[in-house]
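Shown next, in structure tokens, is the structure this report addresses.
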């Protein structure tokens, strides 16, 4: 119960004890009067041959040491032995923090011995009640560990609580398993944007109440972020985790009422399993978050597995390597020819980023482009592609000594449009290369227009002001607002390879291709079909009125040097 330490200096009681060493008043009545003037609990003891005797106290000392504190477990008789030990060993000061057995009441205890000439030693004992201070710290810690909106544990509090739960599992022994289940509310940001933050808070409170109604006493829940919740639960196996996830998700079967609105809540759900004997709960929590990311994409319950962690680590490794590759200019552009289906002439190339990794070999754009978009590297990657393509056009024209009758297409990511000043980047690329903007065709997917069509239209108009050509890539595979399409300054519609590759065998795909070509004609747009693999498909597209085609039937993506040779041979053929 006692934590003995040698006191040096600094506390209010220490200053008082130093003062009393010089000014201990004579007489018990004077001692009482002097002690009552002190702002702390204090008592004076006199040490003689019979032992340590308390000769004076003030009201605060009586209350703390002789009244309430005694009921809480404080034993003032302890002072006698401690004082005598200090006098015998010629120790002048002692300080310790005393706590009641119930850990509620803490007292700072300071004892100071004073000798006046040949007089018997006198001792000042002072007490400072730290209960309010400690309770304030407890309350502050509680606030720091809990989410103020829901009352659930926040991320810090949740991590602490699940660590304690796993420790308890280990102490009780046995091979005990647990699950960490993650829930992410869909469309939460849109709710905030549409009806306001207060309504968003109301929704979170409603969700919290529903989740609470589904909890069991052995389960721990936390709110880790704005719309992200986590649940810890002891389970026997995977089926137990799935059952808990299903039980909780049913809390959202009915729409949530917000003022005069009813909002149906959907959520992504994922889980990771852990073993109390071997797994760190923080690792399991991280694994469940990896699975949750997958669940947001798949729209179904996802369970973490080691291969998912391998993929996540691989993506982070790719991010690091891609950053270095951009810094060292280790990527290159390949160029796939675009052929006029009517005349057979070369109309241009599509620039395609290629990455030959020093240890992994050729890394597919399907792997590194998503990593670039997620990490923000899409901005320097996109700028590099623009500048590289523009310089290649300038180099080809310089080598041929004439303006080339071709265009080079460069893909722009939807994420790039959001994160970068694309018109400024394009202007810098064409001015640095010394070419006209008409030599570039900028390709954007339909997803670039979904979230902010008006903003996208302003970007496209700024790009058209630079005299560039604009193409909508993968048309028909995503969100196609035909009413809005006619307002965009699009020059070319590109038909996705998924419709083109088997259009001869699939009547539905042929109908889709025919419809897109008719739409483009009505809007005054040219068309490019991707994925042409054979002469029959090329002929069919030509008959339907498609402008350009690209695919392995004409040529695979070529290096800059090979593309220049392809261009030279086509140019020579067309002039002969």
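Numbering (this note's numbering), first residue to last: 107 to 682. Even for Gly, the Cβ is constructed at its ideal location relative to N, Cα and C. The structure presented is a predicted model; accordingly, all values stated were derived computationally and were not measured.
Open item on the list: Quick test of the definition: if touching needs 3 or more C-beta pairs under 8 angstroms, does the region 651 to 665 touch the region 635 to 643?
Closed with: yes
TODO: Pick out whichever of 464, 448, 529 and 475 has its Cα sitting closest to the Cα of residue 458.
DONE: In the chain shown, the residue the question calls residue 458 occupies position 352. Comparing Cα-Cα distances from residue 458 to each of 464, 448, 529 and 475, the minimum goes to 475.
TODO: If I'm right that residue 219 touches residue 198 with Cβ under 8 angstroms, what's the distance once you round it to whole angstroms?
DONE: If you number the chain shown from 1, residue 219 lands on position 113. If you number the chain shown from 1, residue 198 lands on position 92. Right, their Cβ atoms sit about 5 angstroms apart.
Task: residue 376 - partner residues in DSSP beta bridges - done: Position 270 of the chain shown, counted from the first residue, corresponds to residue 376. Beta-bridge pairing links residue 376 to 288 and 408.
Open item on the list: Whether or not the region 420 to 432 and the region 319 to 327 are in contact is what I'm after, with contact meaning three or more pairs of Cβ atoms, one per stretch, closer than 8 angstroms; do they touch?
Closed with: no
TODO: In angstroms with no decimal places, state the Cα-to-Cα distance between residue 482 and residue 511.
DONE: Taking the first residue of the chain shown as position 1, residue 482 is located at position 376. Taking the first residue of the chain shown as position 1, residue 511 is located at position 405. Rounded to the nearest angstrom, the two C-alpha atoms are 35 angstroms apart.
Task: Endpoints, beta strand (DSSP E) assigned at residue 633 - done: Taking the chain shown and counting its residues from 1, the one referred to as residue 633 is at position 527. 632 to 635 is the extent of the beta strand (DSSP E) around residue 633.
TODO: Below 8 angstroms on the Cβ atoms is my guess for residue 373 versus residue 290; work out the distance and round it to an integer in Å.
DONE: Your numbering for residue 373 matches position 267 in the chain shown. Your numbering for residue 290 matches position 184 in the chain shown. Rounded, the Cβ-Cβ distance is 6 angstroms, consistent with contact.
Open item on the list: For a test of the three-state rule: what should DSSP assign to residue 129, helix, strand or coil?
Closed with: Your numbering for residue 129 matches position 23 in the chain shown. The predicted model places residue 129 with a pLDDT of 43, which falls under 50 and marks its position as unreliable; any figure quoted below should be read in that light. Note: residue 129 maps to helix in three-state DSSP.
Open item on the list: Per DSSP, what are the beta-bridge partners of residue 440 in this structure?
Closed with: Counted from its first residue, the chain shown places residue 440 at position 334. Partner(s): 458.
Open item on the list: Please report the distance separating the alpha-carbon of residue 147 from that of residue 317.
Closed with: Taking the first residue of the chain shown as 1, we reach residue 147 at position 41. Taking the first residue of the chain shown as 1, we reach residue 317 at position 211. Spanning the two alpha carbons is a distance of roughly 50 angstroms.
Task: Contact set for residue 488: own chain, Cβ-Cβ below 8 angstroms, skip 5 residues either direction - done: Within the chain shown, residue 488 is the residue found at index 382, counting from 1. Excluding sequence neighbours, residue 488 sits near 518, 519, 522, 526, 528 and 531.
Open item on the list: DSSP three-state label for residue 169, please.
Closed with: Translated into the one-based positions of the chain shown, residue 169 becomes position 63. Note: residue 169 maps to helix in three-state DSSP.
TODO: Could you please give me the residues that DSSP links to residue 204 through a beta bridge?
DONE: Numbered from its first residue, the chain shown carries residue 204 at position 98. Note: residue 204 sits in a beta bridge opposite 213.
TODO: Could you pull out every unbroken beta strand (DSSP E) segment of at least 3 residues lying fully inside the region 232 to 307, listed in chain order?
DONE: 283 to 291
Task: Every unbroken beta strand (DSSP E) within the region 558 to 605, with a cutoff of 3 residues, ordered by chain - done: 575 to 581 and 598 to 601
Task: Length of the line joining the Cα atoms of residue 407 and residue 394 - done: Counted from its first residue, the chain shown places residue 407 at position 301. Counted from its first residue, the chain shown places residue 394 at position 288. If you take the alpha carbons of residue 407 and residue 394, they lie about 11 angstroms apart.
Open item on the list: Counting beta carbon pairs with one atom in the region 458 to 474 and one in the region 498 to 505, are three or more of them shorter than 8 angstroms?
Closed with: no
Open item on the list: Using 8 angstroms as the cut-off, can you tell me whether the region 596 to 612 makes contact with the region 565 to 576, which would need three or more C-beta pairs spanning the two stretches below that distance?
Closed with: yes
- [ ] For residue 333, count neighbouring C-beta atoms within 10 Å of its own C-beta (all shown protein chains included) and say buried if the count is 16 or more, exposed if not.
- [x] By 1-based counting over the chain shown, the position of residue 333 is 227. Flag for residue 333 reads buried.
TODO: Mind reading off the beta-carbon distance from residue 251 to residue 266? Whole number of angstroms is fine, and I expect it under 8 angstroms.
DONE: Counted from its first residue, the chain shown places residue 251 at position 145. Counted from its first residue, the chain shown places residue 266 at position 160. About 7 angstroms separates the two Cβ atoms, so the contact holds.
TODO: Spell out the partners DSSP gives residue 368 in its beta bridges.
DONE: Locating residue 368 in the chain shown gives position 262, counting from the first residue. Per DSSP, 363.
Open item on the list: Let's test the definition: count the other Cβ atoms within 10 Å of the Cβ of residue 472 and tell me whether it reaches 16, buried, or not, exposed.
Closed with: As a position in the chain shown, residue 472 is number 366, starting the count at 1. Exposed, by the Cβ-count rule.
- [ ] Could you please give me the residues that DSSP links to residue 628 through a beta bridge?
- [x] Counting from one through the chain shown, the residue named residue 628 turns up at place 522. Partner(s): none; residue 628 has no beta bridge.
Open item on the list: In whole angstroms, give me the CA-to-CA distance for residue 189 and residue 239.
Closed with: What you label residue 189 is simply residue 83 of the chain shown in a count that begins at 1. What you label residue 239 is simply residue 133 of the chain shown in a count that begins at 1. Computed Cα separation, rounded: 28 angstroms.
Task: Other residues of its chain near residue 497: CB distance less than 6 angstroms, five sequence neighbours each side excluded - done: Your numbering for residue 497 matches position 391 in the chain shown. Closer than 6 angstroms at the Cβ level, and outside the excluded window around residue 497, lie 539.
TODO: Could you round the C-beta distance between residue 341 and residue 284 to whole angstroms and report it? I think they count as a contact, below 8 angstroms.
DONE: Counted from its first residue, the chain shown places residue 341 at position 235. Counted from its first residue, the chain shown places residue 284 at position 178. Indeed, because the Cβ distance is near 6 angstroms, the residues count as touching under 8 angstroms.
Task: Same chain, Cβ closer than 6 angstroms to residue 382, five either side skipped, listed in chain order - done: Sequence index remark: in the chain shown, residue 382 carries index 276 (1-based). Cβ within range, chain order: 272, 275, 276 and 282.
- [ ] Give the DSSP bridge partners of residue 228, in chain order.
- [x] In the chain shown, residue 228 corresponds to position 122, counting from 1. In DSSP, residue 228 forms a bridge with 152 and 220.
Open item on the list: Whether or not the region 395 to 403 and the region 423 to 442 are in contact is what I'm after, with contact meaning three or more pairs of Cβ atoms, one per stretch, closer than 8 angstroms; do they touch?
Closed with: no
Task: Coarse secondary structure for residue 452, derived from DSSP in three states - done: The residue you call residue 452 lines up with position 346 of the chain shown. Three-state result, residue 452: strand.
Task: Any C-beta of chain C under 8 angstroms from that of residue 397 - done: Among the chains in the structure shown there is no chain C, since it carries only a single protein chain.
TODO: Let me know if residue 384 comes out buried or exposed under the rule of 16 or more other beta-carbons within 10 Å of its beta-carbon.
DONE: Locating residue 384 in the chain shown gives position 278, where the first residue counts as 1. Exposed, since its Cβ has fewer than 16 Cβ neighbours within 10 Å.
Open item on the list: Considering only DSSP beta bridges, list what residue 160 is partnered with.
Closed with: Position 54 of the chain shown, counted from the first residue, corresponds to residue 160. DSSP output for residue 160 lists 151 as bridge partner(s).
- [ ] Excluding the 5 residues preceding and the 5 following residue 142 in the sequence, name in chain order all residues of the same chain whose CB lies nearer than 8 angstroms to its CB.
- [x] Counted from its first residue, the chain shown places residue 142 at position 36. Excluding positions up to five away in sequence, the list reads 164 and 165.
Task: Bridge partners - residue 340, DSSP secondary structure assignment - done: For the purposes of this step, residue 340 is taken as the residue at position 234 of the chain shown. 284.
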